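Reading through the structure tokens given below for one structure.
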Amino acid sequence: MNVFLCILLCLLLSNCKSFMTHSFRQIPPITKSSSKILLRVEGRDYGGGGAHSEPDSVEKLAKSVERIFSLRGRYPKTDTTLPENMRTKSGAPDYQHLWNITVWDRHIQRRRYFKHFAYLPTSRILRRVAPILGVLLPWTLGAICLSRKWISIPLPTSAATLPMTTVSMFSTFIALLLTLRTNQSISRLLEGRLAWGRCVLLTRDTSQLLSTYIYPLNTQNALKAARHLSIFGWLLKCRMRDEPDSDIITSMLNPLDAKYVSRQRKHPVALITRIRQVVALEAKRGNLNPGSHRSLEANLLELNRIYGMCERLRGSPVPPMYSRHTSRLLMFWLFSLPLSLNSTPISAPINILLVMVAGFVTLGLDEISMQLEQPFRLMPMQQLAGAVMLDVADAFVERPPGLEDEEGEGEEREEPRYWKD
Numbered sequence: 039m040n041v042f043l044c045i046l047l048c049l050l051l052s053n054c055k056s057f058m059t060h061s062f063r064q065i066p067p068i069t070k071s072s073s074k075i076l077l078r079v080e081g082r083d084y085g086g087g088g089a090h091s092e093p094d095s096v097e098k099l100a101k102s103v104e105r106i107f108s109l110r111g112r113y114p115k116t117d118t119t120l121p122e123n124m125r126t127k128s129g130a131p132d133y134q135h136l137w138n139i140t141v142w143d144r145h146i147q148r149r150r151y152f153k154h155f156a157y158l159p160t161s162r163i164l165r166r167v168a169p170i171l172g173v174l175l176p177w178t179l180g181a182i183c184l185s186r187k188w189i190s191i192p193l194p195t196s197a198a199t200l201p202m203t204t205v206s207m208f209s210t211f212i213a214l215l216l217t218l219r220t221n222q223s224i225s226r227l228l229e230g231r232l233a234w235g236r237c238v239l240l241t242r243d244t245s246q247l248l249s250t251y252i253y254p255l256n257t258q259n260a261l262k263a264a265r266h267l268s269i270f271g272w273l274l275k276c277r278m279r280d281e282p283d284s285d286i287i288t289s290m291l292n293p294l295d296a297k298y299v300s301r302q303r304k305h306p307v308a309l310i311t312r313i314r315q316v317v318a319l320e321a322k323r324g325n326l327n328p329g330s331h332r333s334l335e336a337n338l339l340e341l342n343r344i345y346g347m348c349e350r351l352r353g354s355p356v357p358p359m360y361s362r363h364t365s366r367l368l369m370f371w372l373f374s375l376p377l378s379l380n381s382t383p384i385s386a387p388i389n390i391l392l393v394m395v396a397g398f399v400t401l402g403l404d405e406i407s408m409q410l411e412q413p414f415r416l417m418p419m420q421q422l423a424g425a426v427m428l429d430v431a432d433a434f435v436e437r438p439p440g441l442e443d444e445e446g447e448g449e450e451r452e453e454p455r456y457w458k459d
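At position 307 of the sequence shown the residue is numbered 345 (this note's numbering), and the sequence of numbers has no breaks.
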């Protein structure tokens with residue numbers, strides 16, 4: 039019996055030794071390289087380039103901001119995603135820039151009427167409607183020649199004339215349709231601009247909350263959230279204009295976060311999700327009081343709403359049936375106009391001039407409404423996205439001086455390089 043117990047004890051000891059050896063082989067010893075992996079998992083690996091082996095800092099955040107500006111530029115003239123037909127060639131003030139007092143003074147000067155008329159050959163609207171005017175012009179010439187018997191065609195002269203009541207009858211409908219369509223397009227542009235203005239405000243407020251409540255207690259998580267928040271405007275712009283954003287993501291985020299954001303369907307939403315994860319963790323650890331926690335969650339919810347609003351404006355235009363009906367009625371009216379003018383005693387050159395001017399005015403209004411209907415091809419999103427990133431970076435790089443009971447705050451730094459043009 040004793041021999042049997044000894045054999046059983048030896049078997050148990052050998053099994054325990056084998057189990058312990060196998061188990062400890064699954065956990066490598068904590069070396070210098072493995073500690074880097076742990077830092078990366080904890081979200082502290084934001085080197086801004088290279089091996090990404092050191093904890094993040096505001097200096098590295100500032101360098102990341104500089105890198106993105108070097109890639110994308112600051113001003114609309116560097117924005118290659120701006121459509122060609124939206125670019126002003128005359129140098130006149132346009133909607134693709136954020137205005138200052140100097141631009142406003144240029145815009146309201148009294149000689150603007152002469153300048154606008156002088157810029158007519160380079161007008162974007164004229165370039166857009168020129169093909170239709172090119173079709174309308176020979177039609178007008180043919181109607182005039184036929185009505186005045188300048189060409190011999192076996193048709194009665196009355197075939198080239200219409201009573202003026204025909205044009206007058208449809209003029210009211212044309213004016214009403216163009217007015218309603220223009221108002222709808224302007225309201226869409228206003229809604230898109232308000233959404234982006236709200237985005238700038240919310241990102242600024244959120245970054246200040248993160249800098250005030252989380253940064254003093256957990257620097258790495260605060261900077262993690264700041265990096266995601268700073269590129270929200272850029273990624274929203276890329277989403278609205280269908281442009282690539284991989285250079286922005288990899289320049290600002292570490293490889294782990296960049297991989298997560300890049301593989302999501304909606305990159306701006308992934309940024310909000312990551313920030314919300316940081317906020318939830320800090321609230322769980324007790325680093326956020328209920329008031330600041332509610333404020334941060336409310337801001338993130340509003341950013342989600344702004345993204346949804348932009349998606350709705352991009353994906354849901356004014357009903358195309360309205361645009362098609364307006365175009366048909368407009369073409370019928372324009373091609374009836376020279377025939378109606380033939381019934382009046384005006385000269386042929388005046389007839390041609392009136393038809394061309396009427397075509398430019400009415401077709402121009404329709405073209406303007408078509409361009410305003412797509413607000414994200416017209417808005418200064420390049421500067422707005424840059425403003426979002428600047429405000430977020432300033433909240434961390436340019437922290438306010440410390441109060442009496444605070445230590446380590448209010449360090450004097452050199453002016454950030456990303457402030458310079």
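All residues carry an ideal CB built from backbone N, CA and C; glycine is no exception.
Remember, it's a predicted structure, so these values are computed and weren't measured experimentally.
On the criterion of 16 or more Cβ atoms from any shown chain inside 10 Å, does residue i qualify as buried, or is it exposed?
| i | result |
| --- | --- |
| L375 | buried |
| M419 | buried |
| F434 | buried |
| W142 | exposed |
| T382 | exposed |
| D280 | exposed |
| N337 | buried |
| A425 | buried |
| M278 | buried |
| L351 | buried |
| R186 | exposed |
| N259 | buried |
| S385 | exposed |
| M58 | Residue placement at M58 is poorly supported in this model, since its pLDDT is 40, which falls under 50; the coordinates still yield a value, given next. So M58 ends up on the exposed side. |
| A100 | buried |
| Q302 | exposed |
Have a look at residue i and residue j and give me their C-alpha separation to the nearest angstrom.
| i | j | result |
| --- | --- | --- |
| Q246 | E453 | 19 Å |
| I146 | M359 | 37 Å |
| N256 | D283 | 29 Å |
| W457 | I406 | 36 Å |
| T250 | G324 | 15 Å |
| Q409 | V356 | 12 Å |
| L77 | C237 | The predicted position of L77 is uncertain, since its pLDDT is 33 and thus under 50; a value taken from the coordinates is nonetheless stated next. Answer to the nearest angstrom: the Cα atoms are 32 Å apart. |
| L267 | T220 | 35 Å |
| D94 | A321 | 21 Å |
| R125 | F398 | 20 Å |
| T204 | Y345 | 48 Å |
| P439 | V96 | 16 Å |
| W137 | R112 | 14 Å |
| R165 | E104 | 38 Å |
| S209 | A396 | 11 Å |
| R314 | N342 | 11 Å |
| G172 | S365 | 17 Å |
| S361 | T311 | 39 Å |
Might you give, ordered along the chain, the residues of its own chain that have their beta carbon closer than 8 Å to the beta carbon of residue i, omitting 5 neighbours on each side?
| i | result |
| --- | --- |
| I23 | Within the shown structure, residues of the chain are numbered from 39 to 459, placing residue 23 beyond reach of any answer. |
| L47 | Confidence in L47 is poor, its pLDDT being 45 and thus under 50, which makes the residue's placement too unreliable to answer from. |
| P201 | S378, S381 |
| D404 | L216, R219, T364, S365, L368 |
The alpha helix (DSSP H) that contains residue i, what's its start and end?
| i | result |
| --- | --- |
| T257 | 257–268 |
| D143 | 139–145 |
| F398 | 386–410 |
| Y251 | No alpha helix (DSSP H) contains Y251, which DSSP labels as neither H nor E. |
| D429 | 419–435 |
| D285 | 284–290 |
| F414 | Here F414 belongs to no alpha helix (DSSP H), and DSSP marks it neither H nor E. |
| M124 | Element bounds for M124: n/a, residue is neither H nor E. |
| A233 | 202–247 |
| H305 | 305–322 |
| H154 | 150–156 |
| H539 | Not covered by the structure: residue 539. The range shown for the chain is 39 to 459. |
| H135 | No alpha helix (DSSP H) holds H135; DSSP gives it neither H nor E. |
| G180 | 162–185 |
Cutting at 7 Å between CB atoms, please list the residues of its own chain near residue i, excluding the five before and the five after it.
| i | result |
| --- | --- |
| A181 | A198, P376, L377, N380 |
| L11 | The chain is shown only over 39 to 459; residue 11 falls outside these bounds and no answer can be derived. |
| G402 | I163, V167 |
| I483 | Absent from the model: residue 483. The displayed extent of the chain is 39 to 459, so no value can be given. |
| T288 | A296 |
| S300 | S284, I287 |
Measure from the C-beta of residue i to each C-beta in chain B and report whether the shortest distance is under 8 Å.
| i | result |
| --- | --- |
| L248 | The structure shown has no chain B; it contains just one protein chain. |
Do residue i and the ligand ADP come close, with the Cβ less than 7 Å from some heavy atom?
| i | result |
| --- | --- |
| T382 | Among the components of this structure there are no ligands whatsoever, and the ligand ADP is therefore not found. |
Residues in its own chain within less than 6 Å of residue i by CB, not counting five upstream and five downstream?
| i | result |
| --- | --- |
| I68 | With a pLDDT of only 29 at I68, under 50, the local geometry of the prediction cannot be trusted, and the value read off the model is given with reservation. Contacts found: none. |
| L309 | H266, F270 |
| S223 | S407, L410, E411 |
| G87 | Reliability fails at G87, whose pLDDT of 40 lies under 50, so the model's placement of it is uncertain and the value that follows must be treated cautiously. Result list for G87: empty, nothing under 6 Å. |
The stretch 388–395 in contact with the stretch 318–335 per 3-pair CB rule at 8 Å: no
Contact between the stretch 235–244 and the stretch 422–438 (3+ Cβ pairs under 8 Å): yes
Should the stretch 409–416 be called in touch with the stretch 227–236, which here means at least 3 C-beta pairs below 8 Å? In this structure the stretch 409–416 touches the stretch 227–236; the number of beta carbon pairs closer than 8 Å is three or more.
Can we say the stretch 150–162 touches the stretch 359–371, given the rule of at least three CB pairs closer than 8 Å? no
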